[in-house]
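Below is one structure, written out as structure tokens; the observations come after it.
2 protein chains.
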Amino acid sequence: MSKYYFQQQDLKDYTIRYFVRWGVPAEDAELAAEVLVSSDARGVDSHGMIRLNSYYGSRLRKGLIDPLSPITVLKETPTTLAMDGGNGLGHPLGIKAMRRCIEKASTVGLAFATVRNSNHYGIAGYYAMLALPHDMIGISFTNSGPLVAPTHGRTAMLGTNPIAVAVPANSQRPFVLDMATSIVPIGRVTVYQKEGKSIPAGWGVNNKGVITEDPSQVIEGGALMPLGGSDIMRGYKGYGLALLVDIFAGVLADGGFSDNVTGSSSDQPAKVGHFFGAIKIDAFREINSFKQSMDELLQKIKDSPKAEGEERIFIHGEKEFENADRSEVEGVVLSETTVNILKKSGLEDGVEFNLTPIKIT
Amino acid sequence: MSKYYFQQQDLKDYTIRYFVRWGVPAEDAELAAEVLVSSDARGVDSHGMIRLNSYYGSRLRKGLIDPLSPITVLKETPTTLAMDGGNGLGHPLGIKAMRRCIEKASTVGLAFATVRNSNHYGIAGYYAMLALPHDMIGISFTNSGPLVAPTHGRTAMLGTNPIAVAVPANSQRPFVLDMATSIVPIGRVTVYQKEGKSIPAGWGVNNKGVITEDPSQVIEGGALMPLGGSDIMRGYKGYGLALLVDIFAGVLADGGFSDNVTGSSSDQPAKVGHFFGAIKIDAFREINSFKQSMDELLQKIKDSPKAEGEERIFIHGEKEFENADRSEVEGVVLSETTVNILKKSGLEDGVEFNLTPIKIT
């Protein structure tokens, strides 16, 4: 499988054209392109351009995402904002909500926002990271279509509901936790299925709720397990985190939750909800000394003795920052699979993917 | 092993006498007693009266906890509060900080508070639950002495750093997530060691950072693993959550973090930090409809099909609420081990544990 390297701006321009083709206003298309291409640039290709047709284009075409829907403010106070996204595209909704959080927090120290009736917004961490240049801690949660069974259950009742939190440091990279609350995403199980391999015991259950190593049994009528996995490994904690995200992004947002979020593969509006937060650090302590303490903490962890056979302890987000730096220099890598998908859907969708790669390896 | 049932008020009165004996002002002693006895009443005996001497009395006696230390406000805004606990008892500090959060949130919608230079505050969930009668979501994190190795590490660099979040419902019990970010607490490993049993692979590593089933190797020079465990089960997520708690309760609080938190077993002040939050629900949506949606979500999850061999899906906090109800009727259960420890330390500490149980089974 070859790797294709593209100019980041070329990919953004293509993505903008793609969204504009489907009726998304240019300004919103630009925001969506920014999130999607950043995802590939950071090496999180599962949430990048590979989804252009499946999560977005195909749904815009069917009218399952409304590109022109106005945002409605349901409730607002100096510290809080509850918005209805009117089934609009998730990325611009997410960016707008997070920007409002940051504005509010710059005045009052803390702010939270909810968005209901949205769609898949890509990588949760993108929105949390918007807080970083403002010397704030950023928070971003989203719910998603049901894929995860609760502990002692057999049916997918919760999404992979990610939690993202970004915290600035000084000479160290920011801490950017961006984690699904399931052990793995369903896409990971599909990869094993395609390769004819068994999955590790604990990633998922079959349609009886019993742990299985057969990926097909997870995909067909089974469910993913929450972080932790089995009872003995305390999977109820991951289940609790998934439920927590559904409470913040679903119930508090007065939107879809549990299995009335249909996600991106059904023929109904997805009813996805998001939760955002911004915390102004110097409301608690002077920002430079905070950042120095962050450096000290992260360096201390990284310098601690390594396990046998391991050479490096990573901080959350570190690998992705290194990927992003590499993408700046060498271009953004898309896999052959992604390029083929983009070529195929580009033709069908009337926005031909004809970019010239910088190099192919 | 027998179980001893006591009147809840008798246990509280004893605990108050115990703390007053060690110089704690009556009002603070009452708050500490409330948290500790609640823990036993809720069935979380690991964080209850069994710790009276080991976490508190022995440290008050050695001057490692200052019962009279005044609270200093480091920084305050309408939404935020940063406090220095002056190495005081953790429970009254936690309750006071959380009460201030709730007061602030009732005015401005959201509030966060940090406390540095505190001590072990018992169950994290207690503080989060203080928000419930105010129709708020409560949040409580604490760091603790290092017991958990980062992913790819071999040395304990992080505490078991729990996350607690409490959310009210209507006819359903509130959702109360109260989870250490390690798979199990070290006490669980000690139990296996005492019983001469192997621990499940993944709970902990030996002094080379390699997963071991020998509890002694975890306790002597090894470390606990974060929620998730091994790489393949995504233990870096639990490691990220532990680090997140240390950032909020340690770095943001401008207090101890990582291995400069010494916890409750060293001969230094513990340098424990806490983080609290309160979110007024009706800043986002009308409280009664919120609670109805919570009921709907929790009922939906509980009613979903059960895994083979399982009869019930639990919501977080549900078992503890049922224990608390039982304690109201039958009295609070202490194990024979706990009673023996209390009798022994009560004699040594000059506060004889001579309560008459309601019954013994």
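Here the protein sequences come in this chain order: V and Y. Residues in the first sequence are numbered from 1 upward in steps of one, following the working numbering. Residues in the second sequence are numbered from 1001 upward in steps of one, following the working numbering. Glycine included, each C-beta is placed from N, C-alpha and C at the ideal position.
Taking 9 Å as the threshold, the shortest C-beta distance from K1003 (chain Y) to chain V does not fall below it. The beta-carbon of P78 (chain V) is placed less than 9 Å from the nearest beta-carbon of chain Y. Look at K96 (chain V): its C-beta is not under 9 Å from any C-beta on chain Y.
Interface criterion met: the Cβ of F314 (chain V) is under 9 Å from a Cβ in chain Y. For N117 (chain V), the uninterrupted beta strand (DSSP E) segment begins and ends at 110–118. Against chain V, a Cβ distance below 8 Å from T1155 (chain Y) picks out S304, P305.
Within chain Y, not a single residue places a beta-carbon under 8 Å from that of M136 (chain V); the smallest gap is close to 12 Å. Annotation: T1077 (chain Y) to L1110 (chain Y) spans about 12 Å, alpha carbon to alpha carbon. Taking 9 Å as the cut-off, the beta carbon of T15 (chain V) is found closer than this to the beta carbon of A29 (chain V). Rounded to the nearest whole angstrom, the CA to CA distance from G1090 (chain Y) to K208 (chain V) is 45 Å.
A Cβ-Cβ distance of about 7 Å is found for the pair L1130 (chain Y) and I1102 (chain Y), placing them in contact under the 8 Å criterion. Chain-ordered, the chain Y residues with CB closer than 9 Å to the CB of E310 (chain V) read T1151, H1152, G1153, R1154, G1209. Around the beta carbon of P1133 (chain Y), fewer than 16 other beta carbons lie within 10 angstroms, which makes this residue exposed. DSSP links M83 (chain V) through a beta bridge to V:V73, V:V115. Beta bridge pairing from DSSP links S1140 (chain Y) with Y:A1164, Y:F1276. Per the C-alpha coordinates, the member of Y:R1021, Y:V1035, Y:V1024, Y:S1054 positioned closest to T1338 (chain Y) is Y:S1054. Sequence-ordered contacts of the region 1156–1178 of chain Y with chain V read M1157, V1165, V1167, F1175, L1177 [C-beta pairs closer than 7 Å]. For I1301 (chain Y), the C-beta contacts it makes with chain V under 8 Å involve P150, G153, M157, L158, L243, S258, in order along the chain. Looking at the DSSP output, D178 (chain V) sits in a beta bridge with V:A164. At least 9 Å separates the beta-carbon of V1333 (chain Y) from that of D1013 (chain Y).
Of the residues Y:Y1126, Y:F1141, Y:S1264, Y:T1160, the one whose Cα lies closest to the Cα of R1042 (chain Y) is Y:Y1126.
Rounded to whole angstroms, S1264 (chain Y) and I1123 (chain Y) show a C-alpha spacing of 15 Å. Taking 9 Å as the threshold, the shortest C-beta distance from W1022 (chain Y) to chain V does not fall below it. Cβ atoms of V1189 (chain Y) and I1199 (chain Y) come within 8 Å of each other, at about 6 Å.
Only exposed fits K194 (chain V), as fewer than 16 other CB atoms lie within 10 angstroms of its CB.
Within the same chain, and ignoring the five residues on either side of K343 (chain V) in sequence, the residues whose Cβ sits closer than 6 Å to its Cβ are F353.
Residue-level contact check: D1254 (chain Y) touches chain V, since one or more beta carbons of chain V fall below 9 Å from its beta carbon. Two segments are said to touch when three or more pairs of C-beta atoms, one from each, lie closer than 8 Å; by this definition the region 1289–1304 of chain Y does not touch the region 1144–1164 of chain Y. Under the DSSP assignment, F1290 (chain Y) falls in the alpha helix (DSSP H) whose first and last residues are 1287–1303.
The beta carbon of V1184 (chain Y) sits closer than 6 Å to the beta carbons of W1203 from its chain, once the five residues preceding and following it are set aside; these are given in chain order.
For a Cβ distance threshold of 9 Å, residue set G1109, L1110, I1279, A1283, F1284 of chain Y lies close to F112 (chain V), ordered along the chain. For V1020 (chain Y), the enclosing alpha helix (DSSP H) has its first and last residue at 1008–1021. Under the three-state reduction of DSSP output, V1332 (chain Y) falls in the strand class. Under the Cβ distance rule, I1247 (chain Y) counts among the residues neighbouring chain V, one pair being separated by less than 9 Å.
Identification of chain Y residues near G240 (chain V) by a Cβ-Cβ cut-off of 7 Å yields L1177, M1179, H1316, ordered along the chain. Going by C-alpha positions, L1158 (chain Y) is about 33 Å away from R1021 (chain Y).
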